[in-house]
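To keep things clear, I will list the structure first and then write my remarks on it.
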Amino acid sequence: MQIKPILAALRRHKAGTVLIVLQIALTLAIVCNALFIIQQRLAHLSEPTGIDEANLFVLSNQWAGEPMSKAQIDAQIRADVAALRQLPSVLDAAPSNAYPLRGGGWDTFIGLTPEQVQPTSDAAVYLGDEHLLDALGVKLIAGRNFRADEVGSVGLRENVIPPVVIVTRELAHRLYPDGSALGKPLYAMSATPSTIIGIVERLQTQSVDAWQQAYAYQAMLWPLRGAWSSGLYYIVRARPGQRDAAMREAPKALYAQNRQRIFDAGDGGSFAQIRARAYERDRGMAILMGVISAVLLAITAAGIVGLTSFWVGQRRKQIGVRRALGARQRDILGYFLTENLLITGGGVLLGLLLAVGMNLWLVVRFSMQPISPAYLGIGVLLLLLLGQGAVLAPALKAARVPPVEATRSV
Amino acid sequence: MFGYYLDLALRSLKRNRALTALMVLAIAVGIGASMTTLTVMHLLSGDPLPGRSQRLFYPLVDPDPTRKDDREPYDVMDYRSAVDLWSAHRADRQALIVQSDLKSSAPSSGLPAVKLTMLSTTADFFPMFGVPFQYGGPWRAKDDAARARVAVISSDLNDKLFGGADSVGRVLRLRDSDVRIVGVLKPWRPSPLFYDVAGGRFSNGQTADFYGKPEDVITPFFTGLDINDGHFQQFTCWHIPDTPGHLQNAPCVWVRLWVELDGAGKVAAYRRFVADYAAQQMALGRFSHAGNARLRSLMEWLDYNGVVPSDVRLQTWLAFAFLIICLFNTVGLLLAKFMRRSGEIGVRRALGATRGAVFAQCLVEAGLIGLLGGIGGWLLTLAGLWLVRRQPAAYADMMHLDLPMFLLTFVAAVATSVLAGLLPAARASRLAPALQLKTL
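Chains as they are written, first to last, in UniProt numbering: chain F, 1 to 410; chain Z, 1 to 440.
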C-alpha cells in the first residue's frame, strides 16, 4: 500500500483531518485516565477485611425503656450473647462497639512510651469479649486469645485502658518493625501500658475513607464490653450456609431476653450489605467513569463514520477512475483503512502526551496515583480498533463504487 | 432573511437525517454532561448565606501544648477558650455551637423513641444566621444563662412528630429530660451546612458530608451540655479524656464559636482581641504558644476546608473535556455537511448571494442544531440530576435545575454549536462559485 498518495490526499483535507486527530487525542487521554480511575476504585472496593464475610452479620442494638445502670446493661449483654450462641444456626457471637467498614468509629493514637508526645501511629479500637476473634473469624497468627477473666466492661464517662490487647499484624509491624511486638507494651494516649498478647493476620478498620488510608488494617481488640446506655453491636457469625436463618432467629432470641430494645435497620445487617454501603461512592464513580468512556468512544466512532462517509462521497469520481485503471475493491478498502490508521495513529501519539499530562495534573490537583503504562497501552489499542471498526462501513461503500463512475461528467 | 435561512436550514437538516441526528446527539450529550456537573458545582460552591456571609467570622486559638506555632490550629476550640471568647461579648453577635446525638421521644405523640441530632447553641444563633421560623421563635439570651429547658425543632422533626401542626408549648423528651418547644423552623437548608464545617483539610476531598441537613433539635448551649452529658464527641484530643463524653475540662477540642462583625474596624479589633486572649492564656500558663490565633470569614473558612468534594470537581473537569470532544465532533460533521453542499452554495453565490449571506446561512443552520441539541441537553441534564439525586451523597436531595442554569443550558448549546459552525461556515462562504458550477 502506497502511503504517499494518502498523505497527499489528507493534505487537501487539513481541517477535517486535524479535527479527527484532536478528537481521538482527547478521547484517548480521557479514556486512559477514566479506565485508570475505574481500576483504582475497583481495587479499593475489593480490598479484603480479614473477617468471615460470607457468614457474618451485625445487629445494631439500642436500649429502650427505663434507663439501666452499667451493671444492668453489662448483665443484659452477657445474657444476650449467651442466647445468641445457643442458636443452632449460630457459630459464635460477640458484643462490640463497631464493625469493619462501618464508616467511622473509635480510633486512638498510640505511642511506645508513656511520656511520648508525638504518637507513633493510630489504630481503630474494637471492644469485645473472648469470643470476638471467633465471631469475626479473624485468624490469630501469634500469641493467644483473651481469657474470660480478662474481659471487663466500660460504662458511660469511664476511661478504661485494658492491660492486655490483641493487635493486627499491620499494627504490630508499624509499632515494632523488627517483628518483636508480642509481649511488648503500647500506650493508647495514656500512661497505662497495654501488653500485646496476640497478633491477628488481618482486620480492616472501621473507616476506609481516604484520610484513613495511611492507617489501613491498623486495628486492635480490647477485652471490654461497652456497657453504654446508647447501645452496642452484636457481631454474629452463622454456621456456613445458615446466615439467612440466623438473621431471622437472632432478633427473636434477643427479644425473648428483653423487649426493651430497638434494632437499627439502617446500621449493620449482613456483611454483603455493609460492604455495599461502605463502597457505594467508589462504585458510583467507577460506573460513571465507565459510562463516560463508553459514550466518548461512541461519539468519536460516530465522528469518524460521519467524516469518512463525506470523504467517500466527495471522492466517488476519483475512486471510479482508480477502479477503471485496474484497482481492485480490496485496494480501495485498503486505502481507506490505511488512511484511518494514519489519522488514528497521529491522534493516538498526541493523545499519549495528553493522557500523561492530564494524569500529572490529576496527581497534583486530586492526589491521584501516576498512571501505569498498561492503561495507556489498552487505550491506544482500543482507539486503533475503534478507528478501524468505524471506518469499515464507509470504506466498504467506497469499495463498491463501480468503475463506470469514472465516465460520468468528468 | 432570517426566516428564509431558517427554512433553508430546516430543509438541509431534513435531507440527511442520520447526520443531523448525530450532531444533535453529540451536542445534547456534551451539554447534558456539562450542565449536570455544572449545576452540582453551582449548588455546592455557592454562598450559604448570601448577604450575611461577609459579616460572619470563625475565630480559632490553639490550646494544644504538644504543638507549636508552625502548624494551623485545630479546626474547633476547647471548651474553656470558646466559652471565654463567647462570654466576653466583644462581637456584635456570637454563638457557641456543639453537636451531639441523642434519643428522643415526644410523650404526647405516641410514637416510639427516635435517634436525633442535637445542636446546642446560644440565642444569637438565630438572628445571626437569619434562621426562618414557622411557629414561635428563638429563646432569649437569659434562657442561655438560666439553662432553660427549651428547644427549637426543625420542620422535618415537626412533621414527623406532630404532623406539621403548631407544636409550640409541647413537650419533647430528650434522653431523660423534658424540654418545652418554643419554636419550629421553616424548612432551612444552607448549602453547605457552614456552621458545622471543620476538618476539610484532612478529608482528602471526601467532603460530601458537609452538605447534610441542619440538626433536628436545637437547644440552648448549656442546657444541651446538661441533657446529653457523657455523650459528646471530641474533634480530637491530645490526651485521652478522664471522663469520655464529658469534655468540659478535657484536653480536647470540640466547641465552635461563630461571631458577627459589622465593618472592617470591628474585624480588626476582634482579630486583635483573639490574639490578645491567646497571649494572655500563654502568660497564665494554659497555652504553650500564642501565635496560632486565627479569624477567618465564613467564605474563607469554607475555602480553607475545600468544601466542594473532589469527586464533584473531577466530574466537572471531565464533563468539560467531554463537551470539547463533542465540539470537535460537531465541527467535523458540519464541515462535511457544508462542503457536500458546495454545488448549492455555488448556485447561491452565482445568483448574487454575498459571502456574508452564505456565512450567515450556515451559522443559522448550526444554531438550529444547537437549539435542538439544547432541548436534548436539557432533558439529559434533568436525567443526570435525577441520577445524582439517587446517589448516597448528603447533598443529593438538594439537586435541581434552577432558572439560571436552565437558561444557561440553551445559551451554552447554541453558543457551542455556533462556535462549532464558525470554521465550516467560513470555509463554505469562501468557495469559488465558478468552480462549483462547473462540476454540477
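By construction, the Cβ of each residue, glycine as well, lies at the ideal position given by its N, Cα and C atoms.
Quantities reported herein were computed from a predicted structural model and do not represent experimental measurements.
Boundaries of the beta strand (DSSP E) harbouring Z/L295: R294 to S297, taken from the DSSP string.
Interface residue (Cβ-Cβ distance to chain F less than 9 Å): Z/S310 is classified as such.
Following the DSSP letters along the chain, one finds Z/L174 inside the beta strand (DSSP E) bounded by residues V171 to L174.
Beta bridge pairing from DSSP links F/W222 with F/L127. Under a criterion of Cβ atoms nearer than 9 Å, no residue of chain F is adjacent to Z/S81; the nearest Cβ is some 21 Å distant. For F/D209, the closest C-alpha among the options Z/S203, Z/Y211, Z/Y277 and Z/F210 is that of Z/S203. For F/L45, the enclosing alpha helix (DSSP H) stretches over residues K14 to L45. Beyond the five residues adjoining it in sequence on each side, Z/D124 comes within less than 8 Å, by CB distance, of R93, Q94, A95, A141 and E260 in the same chain, given in chain order.
Chain-ordered listing is empty here: chain F has no CB closer than 8 Å to the CB of Z/R90, the nearest sitting near 33 Å. Look at the stretch 187–212 of chain F: the residues with a C-beta under 8 Å from a C-beta of chain Z are A188, M189, S190, D209, A210 and W211.
Put simply, the backbone Cα of F/L352 is about 12 Å away from that of F/T344. Any Cβ of chain F closer than 9 Å to the Cβ of Z/C362 would place that residue at the interface, and such an atom is absent. Identification of chain F residues near Z/G421 by a Cβ-Cβ cut-off of 9 Å yields none; the smallest Cβ-Cβ distance measures about 13 Å. About 11 Å separates the beta carbon of F/G313 from that of Z/L19, a gap too long to meet the 8 Å contact definition. Inclusion of Z/L119 and Z/K103 in the CB contact set at 9 Å is not warranted, their separation being larger than that value. Looking at Z/W378, Z/G212, Z/R80 and Z/T354, the one whose alpha-carbon comes closest to that of Z/L38 is Z/W378.
By a beta-carbon distance limit of 8 Å, F/A250 contacts F/L59. Their separation comes to about 6 Å. Near chain F, meaning a CB-to-CB distance below 8 Å, the residues of the stretch 173–185 of chain Z are D176. Look at the stretch 217–300 of chain F and you find these whole runs of alpha helix (DSSP H), each 4 residues long or longer: 243–257 and 271–278. Put simply, the backbone Cα of Z/L408 is about 28 Å away from that of F/A286.
Taking a cut-off of 8 Å for Cβ pairs, the stretch 323–340 of chain Z and the stretch 19–32 of chain F touch, as three or more such pairs fall below it. Here F/N61 is bridged, per DSSP, to F/L232 and F/F263. For F/L307, a Cβ of chain Z is located within less than 9 Å of the residue's own Cβ. Taken atom to atom, the span from the alpha-carbon of F/D52 to that of F/R237 is near 8 Å. Its chain contains V401 and E405 as the residues whose beta carbon lies nearer than 7 Å to that of F/R316, once the 5 sequence neighbours on both sides are disregarded; these appear in chain order.
A buried status is given to F/Y375, since no fewer than 16 other beta-carbon atoms sit within 10 Å of its beta-carbon.
Annotation: Z/G169 to Z/D311 spans about 45 Å, alpha carbon to alpha carbon. The three-state reading of DSSP puts F/G347 in helix, counting H, G and I together. Taking each of Z/I375, Z/K160 and Z/G356 in turn and checking the Cα distance to Z/A428, the smallest one comes out for Z/G356.
Taking CB atoms only, Z/A208 has a neighbour in chain F less than 9 Å away. From the beta-carbon of F/V117, the residues of chain Z found nearer than 8 Å are T66. Here the stretch 359–374 of chain Z lies against the stretch 410–427 of chain Z, with 3 or more beta-carbon pairs under 8 Å apart.
Using a CB distance cut-off of 9 Å, F/L392 does not count as an interface residue toward chain Z. Sequence-distant Cβ neighbours of Z/H289 in its own chain, meaning closer than 6 Å and more than five residues away, are K68 and D69. For Z/S177, the secondary structure class from DSSP, reduced to helix, strand or coil, is strand. Residue-level contact check: Z/L314 touches chain F, since one or more beta carbons of chain F fall below 9 Å from its beta carbon.
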